[in-house]
Amino acid sequence: MSGHSRDPGALPSTEALLLPLADRLLPLRPGEPGRPGGPGPVRPPRRPRPLRPAARRARTELRHAGKVFAAEALKQHRTMFGQPLVVASMLIWPLLQLAATYYTLHPIAAGSAAAARWPLAADPAKLLGFLATGALAWAFFFSLVQSAWNFSYERTTGTLELLFLSPAGRVVLMLANGAGALLQNAWLLTCFLGAAAFGFGSLQVAGPWMYPVVLLALLLPAMAWGALLNSLMVFSRDSTFVYTVLDDPMWFVGGVRLPVFALPGVLRVLGAALPLTGSLAVVRGALLERQGLGELAPALARLAVLCVLLLAGAVLALRLGEARAQRTGGLRLV
Amino acid sequence: MPVAWATLRRTWTMTSRAYPWSYAVGCLLTGVLTIGLSYLALHAIGGGTVAADFTARTGGADYLGYIAIGAGAFMFTVRLLLWSSKALITEQRQGTLGALLVAPAGRLPYLLGFTGFALANTVVEVGLLGGFAALLGITLPACQPLAALAGVLALAFAVFAVSVVLGALMIVAGEAHISQNTVFLAVSLLCGVTFPNSYLPAPARWLAETLPVTSAMDVLRGALSHGAGLADLAPRLLTCLALGAGYLLLGLLVLPGAERRAVERSY
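Going down the list, the protein sequences come from chains D and Y. Here the first sequence is numbered in numbering that gives the first Met the number 0, starting from 0 and rising by one per residue. Here the second sequence is numbered in numbering that gives the first Met the number 0, starting from 0 and rising by one per residue.
Spelled out as structure tokens, the structure:
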């Protein structure tokens, strides 16, 4: 798709950063062939302090996961980040959309009856803050829908089979693919909206410690959501359904552009099943309504449970999908 | 004319055998959810009332009618533009652009045939959106069918003209996703689709006047919700047609160069 040739001698700066990271995260053990010799006389390798088996296993797993994450990030950077125009579209599209939504809702929000039902609507800056937080969370979650869409190319081109045959853990692969997409897509908008929010001074935050909470409440559910979407690709080659079902309906039921109370009951139930809705509740509570950890605890707990369920769903989908693939021959895994 | 008819029949046959259902449903959903969003906002938040400045700027308090006309016209623009401007880049992706260029067929009839099919397809899809709006109880109490038809035809001509320019841009850039979505978002923000564009700052309004959709929207709104006749709407109708003619001329001027660039790059 991207037909540009690369000069191996001149790596772009991000790649120069990611390549050694991917290598360094799983350092070769002392004594293994290929270990670069240090200066000074050769000493017998020092015995490492004995670890408990569980701790050692966890450390190996973490290193392994780190390597897969770095490799996936590098891969996505190379495939998706080719043109500077893509960077513009990451920022320009959401901002144009945000402006259009703001002006569309303005006649309602500035009406005489709106303030009683939705106090936030009376203040244009607060309405803009409400919609901007919606746009931010939407960008996070939608970038994972796009990642799943891109991931389906791995299925159609046959590289998914190669990925599954590699020693990389499958759930880790699904998570890493989503995380890579998230980094590629959401960082620019996050920086811009962050700067804009500080400039306007319309943020109502309980304390600086809430910013990491907000970021985690966006990142972790988005990653779990991405893992589930990616793992669904084991079942089907046709990814357009992901785009169709999760493009517009997701913002509609998730309360991105309207407060959740304005939605009818059925849509509210559907929205509650989406992690986007829970993330938005935390983000808006922390950034716009000065809520602290204590007030947000129930919402955070619900979000954590949803994350665990999504991850469990991803693991289950991978197991079932693989079993089905072995039965039907849809994927060649041996 | 035979070229246009042959292209229309070919596209009709291809699409009826493998109709892109999920793509069409996705586009329809955008319109449906735009109307749904404003319906919920009006009833659950606004209590059925809108701000006085909206009434003053649009000459009526019918917020839902305003949004429905805008959503319908926007869907019409998007779908027609999607089909027509991507005709050439689709040939390029399928590897048939070279064959098309050496064939003894004129480019304008080819594009007209493609757009003829797209128009038939789009009218049906926008009709479905209109059906949804009618289900929500949105009506057009003061409608001038003849003026509305003139508005739709002017919009179709203008969108065709823009699609020739956009199509040339696409085959030169070798991509469609970024250029098409940027145009769609610019239209939805600038052209008075879901809100009167007098809300926007003056430079944005000047920019909007360079897009023929803005004047076409004025004609459609005048004909569908204010009961204005052809005589009242003639200035805006002529603006739309003149802009369309300008875009068409530009497109036909740059298209041969764009085709040359596209072919040179791929061999």
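All C-beta atoms in this analysis are idealised placements derived from N, C-alpha and C, irrespective of residue type, glycine included.
Using C-beta distances below 6 Å, list every residue in its chain close to D:Glu321, excluding the 5 sequence neighbours before and after it, in chain order. Here the question's residue 321 of chain D lines up with position 322 in the first sequence. Excluding residues within five positions, none has a Cβ falling inside 6 Å.
Which runs of the beta strand (DSSP E) at least 3 residues long sit entirely within the stretch 16 to 64 of chain Y? Give them in chain order. none
Verify whether the separation of the beta carbon atoms of D:Met249 and D:Leu227 is less than 8 Å. Position 250 of the first sequence, counting from 1, holds the residue named residue 249 of chain D. Position 228 of the first sequence, counting from 1, holds the residue named residue 227 of chain D. The answer is no: Cβ separation not under 8 Å.
Where does D:Pro93 land, buried or exposed, given buried means 16+ other C-beta within 10 angstroms? Stepping through the first sequence from its first residue, residue 93 of chain D is reached at position 94. Classification of D:Pro93: buried, given that the 10 Å Cβ count is 16 or more.
Given that a residue counts as buried once 16 or more other Cβ atoms are within 10 Å of its Cβ, and exposed if not, what is D:Lys307? Taking the first residue of the first sequence as 1, we reach residue 307 of chain D at position 308. According to the sequence displayed, residue 307 of chain D carries Val and not Lys. Here D:Val307 is exposed: its Cβ has fewer than 16 other Cβ atoms, across all protein chains shown, within 10 Å.
Count the other CB atoms within 10 Å of the CB of Y:Glu90; is the residue buried (16 or more) or exposed (fewer)? Your numbering for residue 90 of chain Y matches position 91 in the second sequence. Buried, since its Cβ has 16 or more Cβ neighbours within 10 Å.
Cβ shell of D:Ser142 (< 7 Å), same chain only, five flanking positions each side left out: In the first sequence, the residue the question calls residue 142 of chain D occupies position 143. In its chain, beyond the 5 residues on either side, Ala180, Leu181, Asn184 and Ala185 have a beta carbon closer than 7 Å to the beta carbon of D:Ser142.
At the level of alpha carbons, what is the spacing between D:His124 and D:Gly193? As a position in the first sequence, residue 124 of chain D is number 125, starting the count at 1. As a position in the first sequence, residue 193 of chain D is number 194, starting the count at 1. The question names His, but residue 124 of chain D is Ala in the sequence shown. Approximately 15 Å between the Cα atoms of the pair.
Which whole-angstrom value describes the C-beta separation of Y:Leu242 and Y:Pro211, a residue pair presumed to lie in contact below a C-beta threshold of 8 Å? Position 243 of the second sequence, counted from the start, is the residue given in the question as residue 242 of chain Y. Position 212 of the second sequence, counted from the start, is the residue given in the question as residue 211 of chain Y. Yes, they are in contact, since the Cβ atoms of Y:Leu242 and Y:Pro211 sit about 4 Å apart, within 8 Å.
Chain-ordered neighbours of Y:Tyr62 on chain D, where CB pairs are closer than 8 Å: Taking the first residue of the second sequence as position 1, residue 62 of chain Y is located at position 63. Result: Pro106 and Ile107.
At least one CB of chain D closer than 8 Å to the CB of Y:Val101: is that the case? By one-based count along the second sequence, residue 101 of chain Y stands at place 102. By this cut-off, Y:Val101 is not an interface position.
Label Y:Gln93 either buried or exposed according to how many other C-beta atoms from any shown protein chain fall within 10 Å of its C-beta, with 16 as the threshold for buried. In the second sequence, counting from the first residue as 1, residue 93 of chain Y sits at position 94. Around the beta carbon of Y:Gln93, fewer than 16 other beta carbons lie within 10 angstroms, which makes this residue exposed.
Taking 8 Å as the threshold, find out whether the stretch 11 to 31 of chain Y comes into contact with the stretch 242 to 260 of chain D through three or more Cβ pairs. yes
Cβ neighbours of Y:Leu99 in the same chain (closer than 6 Å, five flanking residues each side left out): Residue mapping note: residue 99 of chain Y aligns to position 100 of the second sequence, counting from 1. Only Glu90 meet the Cβ criterion.
Residues of the stretch 89 to 102 of chain D with Cβ closer than 8 Å to any Cβ of chain Y, in chain order: Ile91, Trp92, Leu95, Gln96, Ala98, Ala99 and Tyr102
Length-filtered (4 minimum) alpha helix (DSSP H) runs lying within the stretch 73 to 141 of chain D: 83 to 108 and 113 to 116
Where Y:Tyr198 meets chain D, residues with beta-carbon distance less than 7 Å: Along the second sequence, one-based indexing puts residue 198 of chain Y at 199. Within chain D, the residues near Y:Tyr198 are Tyr102 and His105.
Using beta carbons (cut-off 8 Å, strictly below), is Y:Ala22 in contact with chain D? Along the second sequence, read from residue 1 onward, the residue named residue 22 of chain Y stands at position 23. In the sequence as displayed, the identity of residue 22 of chain Y is Tyr instead of Ala. It does; some Cβ of chain D falls within 8 Å.
Hey, quick one: how far does the alpha helix (DSSP H) through Y:Tyr198 stretch, first residue to last? On the second sequence, position 199 is the one that residue 198 of chain Y refers to. Counted as a single uninterrupted DSSP element, the stretch harbouring Y:Tyr198 is not any alpha helix (DSSP H), since DSSP gives it neither H nor E.
Let me check you understand the geometry: is the CB of Y:Pro202 closer than 7 Å to at least one non-hydrogen atom of the ligand GDP? Ligands in the displayed structure: none, and consequently the ligand GDP is not present.
Buried or exposed: D:Gly33, going by 16 or more other Cβ atoms within 10 Å of its Cβ? One-based indexing of the first sequence puts residue 33 of chain D at position 34. Below a pLDDT of 50, predicted positions are generally treated as unreliable, and D:Gly33, at 43, falls in that range; no measurement from the model is reported.
Which residues in the same chain have their Cβ closer than 6 Å to the Cβ of D:Arg323, if we skip the five residues on either side of it in sequence? Taking the first residue of the first sequence as 1, we reach residue 323 of chain D at position 324. Answer for D:Arg323: no residue qualifies.
Flag D:Arg289 as yes if its beta-carbon sits less than 8 Å from any beta-carbon of chain C, otherwise no. In the structure shown, chain C cannot be found, because the protein chains are D and Y.
Output the distance between the C-alpha atoms of Y:Gly173 and Y:Ile88, rounded to the nearest integer angstrom. For the purposes of this step, residue 173 of chain Y is identified with residue 174 of the second sequence, where counting begins at 1. For the purposes of this step, residue 88 of chain Y is identified with residue 89 of the second sequence, where counting begins at 1. One C-alpha to the other measures close to 7 Å.
Kindly indicate which three-state DSSP category Y:Phe73 falls into: helix, strand or coil? Taking the second sequence and counting its residues from 1, one reaches residue 73 of chain Y at position 74. Y:Phe73: helix per DSSP, three-state reduction.
Contact residues within the stretch 224 to 256 of chain Y, judged by C-beta distance below 7 Å to chain D: Legend: CB atoms of the stretch 224 to 256 of chain Y lying less than 7 Å from CB atoms of chain D are not found in any residue.
For the alpha helix (DSSP H) that contains Y:Ala104, what are its first and last residues? For the purposes of this step, residue 104 of chain Y is taken as residue 105 along the second sequence, with counting starting at 1. That residue, Y:Ala104, is in no alpha helix (DSSP H); it is neither H nor E in DSSP.
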